[in-house]
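The structure appears right after this line, and notes come after that.
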Amino acid sequence: MMKLTKANTSDALVINSISKRSFDSDAAVGNPYAGGPPGYMSVAFHTKMARTNHLYKLTENGLIVGGAIIFHDGEKLNIGRIFVSPEYHRKGFGLFMMQEIEAMYPEVKEFYLDTPIWNVRTNSFYKKLGYSEYKRDNEFVYYVKKI
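Basically the working numbering = 1-based index in the sequence shown + 2.
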């Protein structure tokens, strides 16, 4: 059974490992350089996100398999990032996580996120979920979903 809940600081080490492996796997879908978003492989960063109530963990039968960083501000919510352990890619875990995030915040009228231009996988994923591009720059596509 999948579950998305707030993470504790004690989850940060495991979530950090999943984040690193997940973002490093983007090399297989076109990442032109090694790496990921700021703090993607920093235990201190993930601990801080947990301490400030921005870090969530995705579990499958009690095992942490993914995570999300969320910034909630009244009627707006920024999905800073979501990530799933590579062995769980393309099995509905990301879809479940996005649906849960949207359901957890019924007062939110606008959901925002961004993803790298080169990442065909995530760009098509967010469009499939009803997110619309509202801006782009040289590196990122910015999406919004208005409820």
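For each residue, glycine too, the CB sits at the ideal point set by N, CA and C. Everything numeric in this text was worked out from a predicted model, so none of it was measured.
- Min CB distance Y133 to chain B below 8 Å: This model lacks chain B altogether, as it is built from one protein chain only.
- Taking the CB atoms as reference points, tell me whether I66 and I20 lie closer together than 8 Å. For this step, residue 66 is matched to residue 64 along the sequence shown. For this step, residue 20 is matched to residue 18 along the sequence shown. Taking 8 Å as the cut-off, the Cβ atoms of I66 and I20 count as close.
- Message: Below 8 Å, how does it come out for the region 47-67 and the region 125-136: are there three or more Cβ pairs, yes or no?
- Response: Verdict: no, contact absent.
- Task: Put G96 into one of helix, strand or coil per three-state DSSP.
- Result: Taking the sequence shown and counting its residues from 1, one reaches residue 96 at position 94. G96 falls in the helix class under three-state DSSP.
- Message: Our contact map puts K59 next to D13 with C-beta atoms below 8 Å; I'd like the distance itself, whole angstroms only.
- Response: Mapped onto the sequence shown, residue 59 falls at position 57. Mapped onto the sequence shown, residue 13 falls at position 11. Contact flag correct, Cβ pair sits at about 5 Å.
- Task: Work out the CA separation of L57 and M51 for me, nearest whole Å.
- Result: Indexing the sequence shown from 1 puts residue 51 at position 49. Indexing the sequence shown from 1 puts residue 57 at position 55. Using only the alpha carbons, I get a separation of about 5 Å.
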